[in-house]
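Trainee: According to my numbering, the stretch in the sequence shown is residues 8 to 122, in order.
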Amino acid sequence: MSTTLPACPSCNQEYTYEDGQLYICPMCGHEWTKDSQLEFEESQLVRDAHGTILNDGDSITVIKDLKVKGSSDSIKKGTNIKSIRLIEPEDGHDIECKIPGFGQMKLKSEFVKKI
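Right, dumping it as C-alpha cells:
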C-alpha cells in the first residue's frame, strides 16, 4: 500500500517522511504534526460568503455591488459568473473569472456565493 506524504509547508520540498505522529522534512528540518497538516489543508480551501467550498469551474453570484477600480461602473449584486478559476490569493483576491460586460477580473470569495 503506497501513501503519498504531503510536501513540506515550509520549503515545499517533497522529501517528507513520517516519524510516529510527526512529518519531518530532511531538507529544511521542519517538523509538523498530522493534525496541523489537516488544519493547513483546511485553511487552503476557498469558501464563499456562506462557507460553501468553491472549486474550479463552479458558477457563482455576486452578493453585493462591487466597485471596479479605475472605472465608474460597478458589478451589480446578483451578477452570475460561470466557470471560475481559483488562484493563489493576491491582496485577498482568490478567484479569477470573466464577468459579462467587464472581462477578465479577480474577485474576493467573501463577496460571492456558489450557485
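Just so you know, even glycine gets a beta-carbon here, dropped at the ideal spot from N, CA and C.
Here the structure is a predicted model, which means the values were calculated and not measured.
Indicate the three-state DSSP secondary structure (helix, strand or coil) for Glu46 in the structure shown.
Mentor: As a working mapping, residue 46 is identified with position 39 in the sequence shown. Glu46 falls in the helix class under three-state DSSP.
Trainee: Excluding five sequence neighbours on each side, which residues of the same chain lie with their C-beta closer than 6 Å to the C-beta of Ser124?
Mentor: Outside the displayed span of the chain (8 to 122) sits residue 124, for which this structure offers no information.
Trainee: Helix or strand or just coil, what does DSSP make of Ser81?
Mentor: Counted from its first residue, the sequence shown places residue 81 at position 74. Strand, per DSSP.
Trainee: Determine, using beta carbons only, whether Asp55 and Lys120 come nearer to each other than 7 Å.
Mentor: On the sequence shown, position 48 is the one that residue 55 refers to. On the sequence shown, position 113 is the one that residue 120 refers to. Yes, these two residues count as a Cβ contact at 7 Å.
Trainee: Taking contact to mean 3 or more Cβ pairs, one atom from each stretch, closer than 8 Å, check whether the segment 72-83 and the segment 99-119 are in contact.
Mentor: Verdict: yes, contact present.
Trainee: Does the separation of the CB atoms of Ala14 and Glu25 fall below 7 Å?
Mentor: Counting from one through the sequence shown, the residue named residue 14 turns up at place 7. Counting from one through the sequence shown, the residue named residue 25 turns up at place 18. No. Outside cutoff.
Trainee: Applying the 10 Å Cβ sphere with the 16-neighbour rule, what's the burial state of Ile88?
Mentor: The residue labelled residue 88 in the question sits at position 81 within the sequence shown. By the neighbour-count rule (16 or more Cβ atoms within 10 Å), Ile88 is buried.
Trainee: Leaving out five residues before and five after Ile138 in sequence, what residues of the same chain have Cβ atoms less than 8 Å from its Cβ?
Mentor: Outside the shown range of the chain, which is 8 to 122, sits residue 138, and nothing can be said about it.
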